[in-house]
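J.:
Residue numbers (the working numbering): 32 to 173.
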């Protein structure tokens with residue numbers, strides 16, 4: 032009785048629909064390569080469909096996981112934006128103070144430059160050389 036059960040046959044029917052005809056052409060192409068029999072091809076497809084999908088996470092579970100990760104990332108981005116805005120707000124008054132101080136210093140420098148205009152330099156006459164002073168009358172007499 033077990034020998035009869037081990038040789039169960041099933042029939043696969045392909046309808047005239049475009050999807051079924053495309054599948055039939057793919058099956059015929061695989062069989063033409065003679066690498067695998069129709070029975071083995073069906074078994075392989077059934078294993079992939081029925082057995083691997085049980086162990087693999089479902090699409091909905093993956094989608095839920097991705098949505099959860101997306102929400103976590105969005106929260107992190109919001110926190111970073113808030114921190115960035117807070118740090119920028121704390122730097123703004125300091126920057127304004129520095130700009131005001133710089134402007135005041137520039138005004139002071141301008142005032143000091145205008146009030147301390149340089150006095151014209153008097154050309155200092157060099158002191159006469161005593162040797163030349165003694166020789167000058169001798170040269171005039173000569």
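Note that the Cβ used here is the ideal one computed from N, Cα and C, for glycine as well.
Every value quoted in this text rests on a predicted model; they were computed, and no experiment measured them.
1. Is residue 110 helix, strand or coil when you go by DSSP?
2. Hey, does residue 42 have any beta-carbon neighbour from chain C nearer than 9 Å?
3. For a test of the three-state rule: what should DSSP assign to residue 103, helix, strand or coil?
4. Could you give the residue range of the alpha helix (DSSP H) that holds residue 48?
5. Just the C-alpha distance for residue 90 and residue 103, rounded to the nearest angstrom, thanks.
6. Provide the residue span of the alpha helix (DSSP H) that contains residue 74, from first to last.
7. Check this for me: beta carbons of residue 72 and residue 61, under 9 Å apart or not?
8. Is the beta carbon of residue 67 sitting closer than 9 Å to the one on residue 56?
9. Indicate the three-state DSSP secondary structure (helix, strand or coil) for residue 58 in the structure shown.
T.: Here's the rundown:
1. DSSP places residue 110 in helix when its eight states are reduced to three.
2. Annotation note: the requested chain C is absent from the structure, which comprises a single protein chain.
3. helix
4. Per DSSP, residue 48 belongs to no alpha helix (DSSP H) and is neither H nor E.
5. Spanning the two alpha carbons is a distance of roughly 20 Å.
6. 69-77
7. yes
8. Going by C-beta atoms, residue 67 is not nearer than 9 Å to residue 56.
9. helix
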